[in-house]
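Here the structure comes first, spelled out in structure tokens, and everything after it is commentary.
There are 2 protein chains.
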Amino acid sequence: MARIRAHDYDDRRRRILEIAAALIAEHGFDGASMSMIAARASLSKPGLYHYYDSKEALLFDILHSHLTALRATIAAVPGDLAPEARLRALIQALLAAYRDADDRHKAQINDLPRLPREQQQAIKAIERDIIAPFREVIAALNPRLEPHQLTPVTMSLFGILNWQYTWFQASGRMSLEDYGELVARLFLDGLKSLP
Amino acid sequence: MARIRAHDYDDRRRRILEIAAALIAEHGFDGASMSMIAARASLSKPGLYHYYDSKEALLFDILHSHLTALRATIAAVPGDLAPEARLRALIQALLAAYRDADDRHKAQINDLPRLPREQQQAIKAIERDIIAPFREVIAALNPRLEPHQLTPVTMSLFGILNWQYTWFQASGRMSLEDYGELVARLFLDGLKSLP
DNA sequence: CCTACCGATCGGTAGG
DNA sequence: CCTACCGATCGGTAGG
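Right, dumping it as structure tokens:
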């Protein structure tokens, strides 16, 4: 028989996830203890374990929910745009989804290897789903690119986008949308002149 | 009185540093224990502490020696080249220095926040020395760029270069030099057409 | 330079 | 008897 759960169980779980992501981003997966996470969530440690069976399950949920949301955002970008407009829209969608997700993004980059192999592969499969639309529109934008160049070119764009969290300041003189437009121009004009 | 040290003290220390960088890259700073590092280096734990006074000192030496070497490589790039040739040379120099330095690079990206504030700032100062020549040549290549655009454009290039370790396979069909040339073309042609 | 340890804290779970 | 926790402590291991 199914357990009865508090009516706000899902909300509480989500709140714990966000608190844990912030602490893991700050201290690393091993440095952020379940005690710290529990304390920050105003829970006892057994109370925390009521929501997540293990520290590993918590990390998996952080990464899985983050990447699932990114994938949904990318999948929602209209497919019938012209290639150039579509790449702009994909770049803006990804940057917008990264907004306020620095903690999860950092956990993804730093702590994915802390998960067991099968869970890592589940996460990496979602990463590939996110990359695929970019790869396809890049191939459409420059048909001269040879297959073995497509991954390096696509990953160059992801380098730009995934590195942004290390230096971008929302308080600076450039908005994230402006940066998306800058990246789109930089990359599109460079791409056109390849190889 | 100064202790007498083994004639190969510095070599042994360097070997420990490389072993430690590999283990920290694999397991994270907190996940790589001093016992693991000692065992891998065929040392007892107190033996390891003969070479490094603390785990923190070991991490600092990994990052400091890595970034000092990068800075020297960048500083050795001729200053009298034309801007376009100079940017190509800077890109190739940085990628060449990253070769076989994935462990140190990963430690830099993931574990810098594990150091105390002052040591972090010492490392970040070297990072700025590495970035500065890129910034200057980018400004020379496109004088239309406004000051507040210079950091985003420069960091876009560093995103490309610093992300490379996550996907690049030396065994693939593209060499690191070829990738450097691809990045130079992509970035230079994009840069010219900004803003 | 070793074995043998320490104070503390880890992730996880017992009884109530 | 249930769920939803608590205070206390488990076996192991961390850095030193």
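The listed protein sequences derive, respectively, from chains A and B.
If you read the first sequence in the working numbering, its first letter stands for residue 882, the second for the next number, and so on.
If you read the second sequence in the working numbering, its first letter stands for residue 882, the second for the next number, and so on.
Beta carbons are placed, not taken as given, at the ideal position from N, Cα and C, and that holds for glycine.
{"Item": "Any chain B beta carbon closer than 7 Å to methionine 1036(A)", "Value": "yes"}
{"Item": "Contact set between the region 953 to 972 of chain B and chain A, restricted to residues whose Cβ is under 7 Å from the partner", "Value": "none"}
{"Item": "Enclosing alpha helix (DSSP H) for aspartate 1059(A) [first to last residue]", "Value": "1057 to 1073"}
{"Item": "Rounded distance between the beta-carbons of glycine 912(B) and aspartate 984(A), thought under 8 Å", "Value": "Between glycine 912(B) and aspartate 984(A) the Cβ distance is about 20 Å, and since that is not below 8 Å, they are no contact."}
{"Item": "Contact with chain B by leucine 939(A), beta-carbon distance below 7 Å", "Value": "no"}
{"Item": "CB contact below 7 Å: methionine 917(A) versus chain B", "Value": "no"}
{"Item": "Within 7 Å, strictly: CB atoms of leucine 971(A) and glycine 1061(A)", "Value": "no"}
{"Item": "Best match in Arg1009(A), Gln1000(A), Ala1003(A) for proximity to alanine 956(A) [C-alpha to C-alpha]", "Value": "Arg1009(A)"}
{"Item": "Completely contained alpha helix (DSSP H) runs for the region 962 to 997 of chain B, where each covers 4 or more residues", "Value": "964 to 979, 983 to 992"}
{"Item": "Minimum Cβ-Cβ distance from glycine 1061(B) to chain A less than 7 Å", "Value": "no"}
{"Item": "Simplified DSSP state of isoleucine 885(B), which is helix, strand or coil", "Value": "Legend: pLDDT at isoleucine 885(B) = 48, less than 50; position of this residue unreliable, no value from coordinates given."}
{"Item": "First through last residue of the alpha helix (DSSP H) which encompasses proline 1028(B)", "Value": "1028 to 1044"}
{"Item": "DSSP state of tyrosine 932(B) mapped onto helix, strand, coil", "Value": "helix"}
{"Item": "Beta-carbon contacts of arginine 884(B) that lie in its chain and below 8 Å, excluding the five residues immediately before and after", "Value": "Because arginine 884(B) sits at a pLDDT of 47, beneath the cut-off of 50, its placement in the model cannot be relied upon, and the point is left open."}
{"Item": "Interface partners of leucine 986(A) on chain B, CB under 7 Å", "Value": "Reading the sequence as shown, one finds histidine at residue 986(A) and not leucine. The contacting residues do not exist; histidine 986(A) stays about 13 Å from chain B at best."}
{"Item": "Residue range of the alpha helix (DSSP H) that includes arginine 1025(B)", "Value": "No alpha helix (DSSP H) holds arginine 1025(B); DSSP gives it neither H nor E."}
{"Item": "Distance between arginine 969(A) and serine 1056(A) (C-alpha atoms, nearest Å)", "Value": "16 Å"}
{"Item": "Chain A contact for serine 1074(B) (CB, 7 Å cutoff)", "Value": "yes"}
{"Item": "Neighbourhood of alanine 974(A) by C-beta, 7 Å cutoff - its chain only, sequence neighbours within 5 removed", "Value": "Thr954, Ile955, Val958"}
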